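For the sequence shown, the working numbering gives the first residue as 6, with consecutive numbering after it. For every residue, glycine included, the Cβ atom is placed at its ideal position computed from N, Cα and C. Predicted model, so just to flag it, every value in this text is computed and none were measured. To keep things clear, I will list the structure first and then write my remarks on it.
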Amino acid sequence: MEKKMKITVLMENTAVSERYLCRHGLSLYIETQRHKVLFDMGPDASFLENAKRLGVDISQVDVAFLSHGHYDHGGGLSAFLQENSRADVHVQAGVFGKYYAHDAHPKRIRYIGLDSALRDHSRLVVHRGGYRLDEELEVFSGVRGRICASPANDNLYWEKDGKEELDTFEHEQNLLVHQEAGRVLVCGCAHNGIVNILSKAEELPGGPLTQVIGGLHLNNIYEEDEKKRCEFYQKLASHLMCRPCEYYTCHCTGVKAYEELKKLLGEQIHYLSAGAEKSL
């Protein structure tokens with residue numbers, strides 16, 4: 006019998022209890038048949054403390070992935086590289102670009118990118134597009150389409166040729182774990198839209214998608230327009246419920262958005278907080 010894949014949430018905006026630290030960010034430890042994987046490192050070194058409390062030995066991680074170039078997923082990169090001396094960290098080209106958030110409340114511009122001092126680290130493996138590490142682990146990027154594109158992206162920019170432009174999220178990548186029962190999709194923030202990411206994954210050869218893990222970047226959307234907000238959730242839910250997947254969401258989905266989707270998707274969707282462990 007195939008060993009079950011296990012997801013342990015090392016960092017998330019919320020925690021299952023006061024025993025665990027919580028920060029705005031995401032870090033997932035994934036044990037598969039072949040690998041001990043770290044997917045994202047949260048905003049700082051806090052994920053290491055939760056790892057200790059959960060009995061996860063970060064020094065034994067053999068491969069790591071950074072979903073995209075925002076601090077809340079890669080701020081702990083330096084801490085990981087110090088704690089672990091063996092794993093390569095796989096990223097997309099452009100992950101060290103200059104990324105900014107234009108906040109409305111309070112009105113300000115924030116740098117939300119990574120520490121550029123790590124750009125040339127010897128254990129970073131930079132890719133341009135999709136790649137496959139072995140029979141079990143596959144990564145894809147280059148997601149196209151804007152079905153159910155989140156308005157929460159509308160304040161996110163990157164610097165190109167000295168000018169700020171809306172981020173196109175070419176630096177975002179998603180992980181597929183191939184199992185006997187099917188494939189598990191792991192994403193960071195799904196900035197390219199979870200429906201479009203699912204469609205891209207379905208184009209790739211392999212078994213059916215059985216579970217989807219990650220943030221959906223829906224926090225605080227259409228706060229002042231209930232009609233638009235409800236219409237958006239209903240449209241998104243219609244795309245999600247027609248697929249035979251379980252959804253385990255977190256982080257930038259936001260608790261309010263999760264509660265709305267829970268009303269529509271029922272037991273098809275669940276929330277993961279720091280300290281949570283789930284066997285798939």
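Open item on the list: What does the alpha-carbon distance come out to for the pair T215 and V189?
Closed with: The C-alpha of V189 is placed about 6 Å away from the C-alpha of T215.
Open item on the list: Can you tell me whether E208 is helix, strand or coil according to DSSP?
Closed with: helix
Task: Cβ pair A92, D67 closer than 9 Å - done: yes
TODO: Spatial neighbours of A186 within its chain, please: CB distance less than 8 Å, with the 5 preceding and 5 following residues excluded, ordered by chain position.
DONE: In the same chain as A186, and ignoring 5 residues on each side of it, the C-beta atoms closer than 8 Å to its own belong to E7, G212 and T215, in chain order.
Open item on the list: Considering just the uninterrupted stretch of the alpha helix (DSSP H) at V66, what are its terminal residues?
Closed with: Note, V66: premise wrong, no alpha helix (DSSP H); not H, not E.
Open item on the list: Which of the three DSSP states is assigned to T215 in this structure?
Closed with: strand
Open item on the list: Here's the rule I'm using: 16 or more other beta-carbon atoms within 10 Å means buried, otherwise exposed. How should G118 be labelled?
Closed with: By the C-beta density criterion, G118 is buried, having at least 16 other C-beta atoms within 10 angstroms.
TODO: Please classify A106: does DSSP put it in a helix, a strand, or coil?
DONE: Assigned with DSSP and collapsed to three states, A106 falls in strand.
TODO: Could you please give the first and the last residue of the uninterrupted alpha helix (DSSP H) stretch that includes E264?
DONE: Unbroken alpha helix (DSSP H) run through E264: V260 to L270.
TODO: Could you check what DSSP says for E229 in three-state terms: helix, strand or coil?
DONE: coil
Task: Local Cβ density within 10 Å of T13, reported as buried at 16 or more and exposed below that - done: buried
Open item on the list: Suppose the cutoff is 6 Å on Cβ atoms and the five residues either side in sequence are ignored; what does the same chain contact list for A98 look like?
Closed with: V131 and R133
TODO: Give the secondary structure of A186 by DSSP, where H, G and I count as helix, E and B as strand, and everything else as coil.
DONE: coil
Open item on the list: As a quick exercise: from E228, Q273, E164 and H40, pick the residue whose alpha carbon is nearest that of H110.
Closed with: E228
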